[in-house]
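*Asks:* Below you'll find the structure I mean.
Protein chains: 2
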Amino acid sequence: MSEAVDAIETYLARSADERLEQYRAFLRIPSISALSQHAPDVAEAARFLAEAMSASGLENVEVSATEGHPVVYGDWLHAEGAPTVLVYGHYDVQPVDPLDLWVRPPFEPRVEGGCIYARGAADDKGQVHLHLWAARAWLETQGRLPVNVRYVFEGEEESGSVNFDRWLEGNRQRLAADLAVISDSGFFQDNHPAITIGLRGLVYAQIDVSGPSQDLHSGTYGGLVQNPANALAAILAGLRQPDGRVAVAGFYDEVRELSQQERSEFARLVFDDARLAADIGVPELFGEPGFGSLERRGARPTLDVNGLWGGFQGEGSKTIIPAHAHAKVSCRLVPDMDPKRTFQLLRDHVLASAPPGVEVDVWLINDGLWSLTGIDHPATEAAATALEAVFGEPPVYLREGGSIPAAASFGAMLQLPVVLLGFTPPDDHAHSPNEFMRLDNYEGGIRTIVRYWEALGSGLD
Amino acid sequence: MSEAVDAIETYLARSADERLEQYRAFLRIPSISALSQHAPDVAEAARFLAEAMSASGLENVEVSATEGHPVVYGDWLHAEGAPTVLVYGHYDVQPVDPLDLWVRPPFEPRVEGGCIYARGAADDKGQVHLHLWAARAWLETQGRLPVNVRYVFEGEEESGSVNFDRWLEGNRQRLAADLAVISDSGFFQDNHPAITIGLRGLVYAQIDVSGPSQDLHSGTYGGLVQNPANALAAILAGLRQPDGRVAVAGFYDEVRELSQQERSEFARLVFDDARLAADIGVPELFGEPGFGSLERRGARPTLDVNGLWGGFQGEGSKTIIPAHAHAKVSCRLVPDMDPKRTFQLLRDHVLASAPPGVEVDVWLINDGLWSLTGIDHPATEAAATALEAVFGEPPVYLREGGSIPAAASFGAMLQLPVVLLGFTPPDDHAHSPNEFMRLDNYEGGIRTIVRYWEALGSGLD
Chain A
17 MSEAVDAIET YLARSADERL EQYRAFLRIP SISALSQHAP DVAEAARFLA
67 EAMSASGLEN VEVSATEGHP VVYGDWLHAE GAPTVLVYGH YDVQPVDPLD
117 LWVRPPFEPR VEGGCIYARG AADDKGQVHL HLWAARAWLE TQGRLPVNVR
167 YVFEGEEESG SVNFDRWLEG NRQRLAADLA VISDSGFFQD NHPAITIGLR
217 GLVYAQIDVS GPSQDLHSGT YGGLVQNPAN ALAAILAGLR QPDGRVAVAG
267 FYDEVRELSQ QERSEFARLV FDDARLAADI GVPELFGEPG FGSLERRGAR
317 PTLDVNGLWG GFQGEGSKTI IPAHAHAKVS CRLVPDMDPK RTFQLLRDHV
367 LASAPPGVEV DVWLINDGLW SLTGIDHPAT EAAATALEAV FGEPPVYLRE
417 GGSIPAAASF GAMLQLPVVL LGFTPPDDHA HSPNEFMRLD NYEGGIRTIV
467 RYWEALGSGL D
Chain B
17 MSEAVDAIET YLARSADERL EQYRAFLRIP SISALSQHAP DVAEAARFLA
67 EAMSASGLEN VEVSATEGHP VVYGDWLHAE GAPTVLVYGH YDVQPVDPLD
117 LWVRPPFEPR VEGGCIYARG AADDKGQVHL HLWAARAWLE TQGRLPVNVR
167 YVFEGEEESG SVNFDRWLEG NRQRLAADLA VISDSGFFQD NHPAITIGLR
217 GLVYAQIDVS GPSQDLHSGT YGGLVQNPAN ALAAILAGLR QPDGRVAVAG
267 FYDEVRELSQ QERSEFARLV FDDARLAADI GVPELFGEPG FGSLERRGAR
317 PTLDVNGLWG GFQGEGSKTI IPAHAHAKVS CRLVPDMDPK RTFQLLRDHV
367 LASAPPGVEV DVWLINDGLW SLTGIDHPAT EAAATALEAV FGEPPVYLRE
417 GGSIPAAASF GAMLQLPVVL LGFTPPDDHA HSPNEFMRLD NYEGGIRTIV
467 RYWEALGSGL D
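If you read the sequences in order, they're chains A and B.
Going by this note's numbering, the letters in the first sequence line up with residues 17 to 477, in that order.
Going by this note's numbering, the letters in the second sequence line up with residues 17 to 477, in that order.
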């Protein structure tokens with residue numbers, strides 16, 4: 017341990033109560049970005065965060081307006097010759113329904129059994145807050161940070177990040193950096209420290225099948241016309257093989273196959289299929305043959321129907337041929353798939369398989385890039401060293417199935433390597449009732465970031 | 017023309033104004049059986065009808081309670097040695113939405129261009145009413161009817177006939193008859209007189225596909241679990257071949273193939289596929305290969321998805337794997353298919369094709385028998401002769417695609433031959449805004465029934 021880190025440990029031990037008090041105050045603000053009645057609360061959380069950043073010694077702190085909720089920016093840029101890190105987190109939170117399943121009100125934080133329970137405790141206020149204290153500990157004890165850091169805290173992550181890319185575009189000049197660190201992820205099963213090195217991309221489309229201009233009587237017209245709901249089913253069935261492989265022509269052409277080393281890394285992760293199946297209530301897991309569960313989730317593309325509808329959905333019977341039927345269909349993408357090209361393949365495949373007697377349309381709703389940063393990237397290696405020093409075991413490397421819009425934006429727009437370094441426990445109930453953060457993960461997170469900054473300070477090469 | 021019919025013609029000519037006035041008064045009562053706020057109107061229509069039956073000279077008139085809306089019964093049974101006819105119609109009507117598409121309010125009947133416009137003018141108050149006047153004309157001028165007639169007018173036909181079978185069961189003793197005549201159908205394209213000799217049966221089922229106990233994030237879980245919506249699509253797609261034939265194993269085993277004579281009868285009917293396609297707004301008609309449109313509608317079985325739903329149906333995107341997905345699926349049945357057996361075949365086929373990783377259930381919602389009365393049946397022949405005498409051309413023989421619950425009940429429960437003799441114009445807008453009846457069809461209908469009763473009076477052999 018360096019002398020600086022030694023002093024920081026002492027400082028952190030001394031300031032634990034003050035830190036927890038500020039953390040709780042942050043959690044008390046119901047900054048639900050998706051609900052317009054909470055807009056004043058989101059604004060209050062932004063102000064609170066900005067004040068805490070200034071109190072931590074950060075500079076150029078600003079609550080920066082967007083067309084929606086503001087981005088809170090701050091930096092410290094006096095580590096001459098050292099790399100610049102862009103830190104991302106978000107201070108908005110998910111809605112709290114169903115409220116009756118919360119043991120205590122979601123915005124009255126309580127500490128119990130080494131955990132702090134509240135909406136946002138893990139996702140993502142807790143992780144934003146631990147970054148402030150890592151910086152504060154350096155600045156209070158050493159008067160400096162070993163790296164340059166720019167903090168970008170979003171206020172709309174839980175409501176689709178609709179204005180974030182535009183804000184990034186408009187603020188490129190103050191986002192110059194060598195690396196992005198996103199703290200919005202967590203530890204692996206049984207609370208093993210983890211670095212998420214990959215995220216999947218997304219193509220989300222809608223398929224519309226139109227038949228007669230209005231619903232028809234299925235007795236009078238049954239046998240005379242193509243049925244849009246039958247047609248939709250045939251189209252959707254044609255997108256996947258029964259074994260789970262995607263049947264869209266050309267779909268796998270751009271997929272980068274896993275190397276032997278990558279497959280070994282996946283094999284190292286113990287994952288209990290039966291336990292997951294029981295947890296989510298399915299008789300068995302299912303997916304593309306030839307790959308393990310974590311490979312299928314992190315490194316293989318998918319095609320899922322997210323919703324479908326058409327015709328009569330009520331109780332009992334209504335004998336109609338529906339005028340139209342619809343589906344939402346999305347694909348998760350992996351390296352090196354191009355979202356635009358994948359959408360074109362999907363569209364072409366659907367239109368080529370459209371049955372006679374109906375009209376079929378396919379349109380893109382949204383898309384996003386995958387991201388992947390190598391295990392051997394110096395930024396990944398430094399994070400691993402810091403994690404092991406604090407938590408006593410080397411991290412596992414994860415490739416997650418979802419997408420974080422910010423990660424895709426940093427990768428695609430700013431051309432930065434992205435390290436996803438988060439500290440939440442794997443069962444944190446994010447997006448659900450009784451969300452919590454383990455306090456040892458939170459405190460260990462501060463200490464990991466403290467060390468990570470020190471390691472990065474000696475360069476990224 | 018017989019002397020009796022001659023006198024009846026004179027009587028009918030003289031009473032036209034009084035008849036139209038009573039018809040309009042009947043139409044003014046908004047007897048919408050499906051809407052509970054109209055229950056008093058349905059009751060009023062039943063009373064009005066019972067009074068009109070008594071005024072026509074019918075006997076034993078009774079508003080007979082059911083658990084829903086009443087059945088109105090009346091008879092005249094003094095034609096010793098002559099056959100007994102059971103006449104069926106219904107005095108309830110469809111809802112009137114969308115109201116703004118009606119040129120005049122649906123319950124303010126107006127006469128224009130030889131037609132009377134109002135909800136129920138065709139379906140089915142007009143046809144009930146013309147039966148009363150056929151009886152009245154006989155009784156007023158001859159003091160007798162040439163046949164025994166029992167009138168059964170239902171009040172729940174437009175809301176599923178849920179209590180009708182039970183009422184029939186409970187009233188078997190006063191339903192003894194040799195023949196059922198149902199007047200709830202209409203003329204063929206371009207207003208050609210028609211007798212409907214066949215109706216299809218029905219099996220209506222629901223398919224439920226269950227996966228995880230709640231919706232899952234499609235990023236985190238995509239590739240790990242079977243998707244119930246994809247599974248449902250695969251199941252539904254497996255029920256039909258791309259060419260429109262039903263793929264359920266054993267489905268066609270009981271189907272009675274059309275004879276050469278039956279195919280010739282179908283071929284005689286001019287049917288304009290392109291016009292129908294344009295009318296209902298589809299690019300082209302579609303159905304089982306090897307059969308004409310009217311054959312497909314009247315004499316071939318079908319399988320249609322009446323509705324399907326699952327997962328996200330809103331605007332934009334929600335990245336979930338739905339917890340469950342559902343479909344309503346129904347088959348139209350032809351001779352000699354057994355509804356119970358067909359449901360079993362459907363169920364077995366669905367369960368056999370259920371993909372791994374989900375649970376699938378299939379359950380029967382309701383079913384009904386097909387009916388078919390031969391062209392050479394004496395009751396059909398007598399109806400044809402009467403139609404030709406009044407309308408100047410021989411009728412065409414139709415096999416309709418829909419089901420009339422009463423027809424199936426009379427056939428199955430009372431073992432009666434069923435003649436579907438109705439007079440509505442083919443474009444009558446039943447169930448739609450601006451429903452109408454042609455007054456010459458209505459008046460010709462009375463005169464056809466007058467002659468039909470005379471012909472049946474000389475026996476059914």
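Using N, Cα and C, we set each Cβ at its ideal position, and we do this for glycine too.
For G202/B, does the count of other Cβ atoms within 10 angstroms reach 16, so buried, or fall short, so exposed?
*Replies:* buried
*Asks:* Under 8 Å between the Cβ atoms of G238/A and V374/A?
*Replies:* It is not a contact, given that the beta carbons lie outside the stated cut-off.
*Asks:* Between the C-alpha atoms of W154/A and W92/A, what's the straight-line distance to the nearest angstrom?
*Replies:* Taking the straight line joining both Cα atoms gives about 11 Å.
*Asks:* Between I336/B and chain A, is any beta-carbon pair separated by less than 8 Å?
*Replies:* It does; some Cβ of chain A falls within 8 Å.
*Asks:* Could you compute how far the alpha carbon of A405/A sits from the alpha carbon of N457/A?
*Replies:* When rounded, the distance between both Cα atoms is 13 Å.
*Asks:* Give the secondary structure of T318/A by DSSP, where H, G and I count as helix, E and B as strand, and everything else as coil.
*Replies:* strand
*Asks:* So, do the stretch 335-352 of chain A and the stretch 308-327 of chain B have three or more beta carbon pairs nearer to each other than 8 Å?
*Replies:* yes
*Asks:* Just confirm the distance between the C-beta atoms of E172/B and S346/B, as a whole number of angstroms; I'd bet it's less than 8 Å.
*Replies:* The C-beta distance from E172/B to S346/B rounds to 20 Å, too long to fall under 8 Å, and the pair is not in contact.
*Asks:* So which residues on chain B does I381/A lean against when the C-beta distance must stay under 8 Å?
*Replies:* G332, S333
*Asks:* Is there a Cβ of chain A sitting closer than 8 Å to that of P351/B, yes or no?
*Replies:* no
*Asks:* Based on the DSSP secondary-structure assignment, which residues constitute the bridge partners of G202/B?
*Replies:* T440/B
*Asks:* Within 10 angstroms of the Cβ of T26/A, are there 16 or more other Cβ atoms? Answer buried if so, exposed if not.
*Replies:* exposed
*Asks:* Given that a residue counts as buried once 16 or more other Cβ atoms are within 10 Å of its Cβ, and exposed if not, what is E273/A?
*Replies:* A residue is called buried when at least 16 other Cβ atoms come within 10 angstroms of its Cβ; E273/A does not meet this threshold and is exposed.
*Asks:* Using only alpha-carbon positions, find the residue among V241/B, V178/B, R120/B that is nearest to R135/B.
*Replies:* R120/B
*Asks:* Distance, Cα to Cα, S52/B vs V350/B?
*Replies:* 35 Å
*Asks:* Restricting to Cα atoms, I'd like to know which of A95/A, D200/A, L195/A is closest to T396/A.
*Replies:* L195/A
*Asks:* Using a threshold of 8 Å, state whether the C-beta atoms of A210/B and V412/B are closer than that.
*Replies:* Against a cut-off of 8 Å, the Cβ pair of V412/B and A210/B comes out as a contact.
*Asks:* Going by DSSP, what residues sit across from L414/B in a beta bridge?
*Replies:* T212/B
*Asks:* Helix, strand or coil, according to DSSP, for E128/A in the structure here?
*Replies:* strand
*Asks:* What does W325/A reach in chain B if we use C-beta pairs closer than 8 Å?
*Replies:* L324, W325, G326, Q329
*Asks:* Here's a check: name, in chain order, each residue in its chain whose Cβ is nearer than 7 Å to the Cβ of D289/B, leaving out the five neighbours to either side.
*Replies:* L301, S309
*Asks:* If I follow the unbroken alpha helix (DSSP H) through H145/A, where does it start and stop?
*Replies:* 141-158
*Asks:* Name the residues in the stretch 249-277 of chain A whose C-beta lies less than 7 Å from a C-beta of chain B; which are they?
*Replies:* Within the stretch 249-277 of chain A, A249, A250, L252, A253, R256, P258 place their CB atoms closer than 7 Å to a CB of chain B, listed in sequence order.
*Asks:* Using beta-carbon positions only, say whether P421/A and D383/A come within less than 8 Å of one another.
*Replies:* no
*Asks:* Cβ closer than 7 Å: which chain B residues qualify as neighbours of L302/A?
*Replies:* Per the sequence shown, residue 302/A should be read as Phe rather than Leu. Those within 7 Å of F302/A in chain B are V241, Q242, P372, G373.
*Asks:* Among L380/A, E60/A, D392/A, whose alpha-carbon lies nearest the alpha-carbon of Q277/A?
*Replies:* Between Q277/A and the set L380/A, E60/A, D392/A, the nearest pair of CA atoms involves D392/A.
*Asks:* In chain B, which residues lie with their C-beta within 8 Å of the C-beta of P228/A?
*Replies:* I296, G297, V298
*Asks:* List, in chain order, every chain B residue whose beta-carbon is nearer than 8 Å to that of Y237/A.
*Replies:* I296, R313, G417
*Asks:* May I ask you to verify whether the stretch 29-46 of chain B touches the stretch 426-443 of chain A, counting CB pairs closer than 8 Å and requiring at least 3?
*Replies:* With the rule of 3 Cβ pairs closer than 8 Å, the stretch 29-46 of chain B does not count as touching the stretch 426-443 of chain A.
*Asks:* Comparing the C-beta of Y413/B with each C-beta of chain A, is any distance below 8 Å?
*Replies:* no
*Asks:* Classify R284/B: buried if its beta carbon has 16 or more other beta carbons within 10 angstroms, exposed otherwise.
*Replies:* exposed
*Asks:* If you compare alpha carbons, which of R279/B, A151/B, Q230/B is closest to R467/B?
*Replies:* A151/B
*Asks:* S31/A bridges to which residues according to DSSP?
*Replies:* Answer by DSSP bridge pairing: none, since S31/A is not bridged.
*Asks:* Just checking, does the stretch 245-254 of chain A make contact with the stretch 215-229 of chain A on the three C-beta pairs under 8 Å criterion?
*Replies:* yes
*Asks:* Please report the Cβ distance between S199/A and L437/A, rounded to the nearest whole angstrom; I am assuming they are in contact, meaning their Cβ atoms lie under 8 Å.
*Replies:* 6 Å
*Asks:* At a CB-CB cut-off below 7 Å, which residues of chain B make contact with A424/A?
*Replies:* Here the premise fails: no neighbours, minimum Cβ distance about 12 Å.
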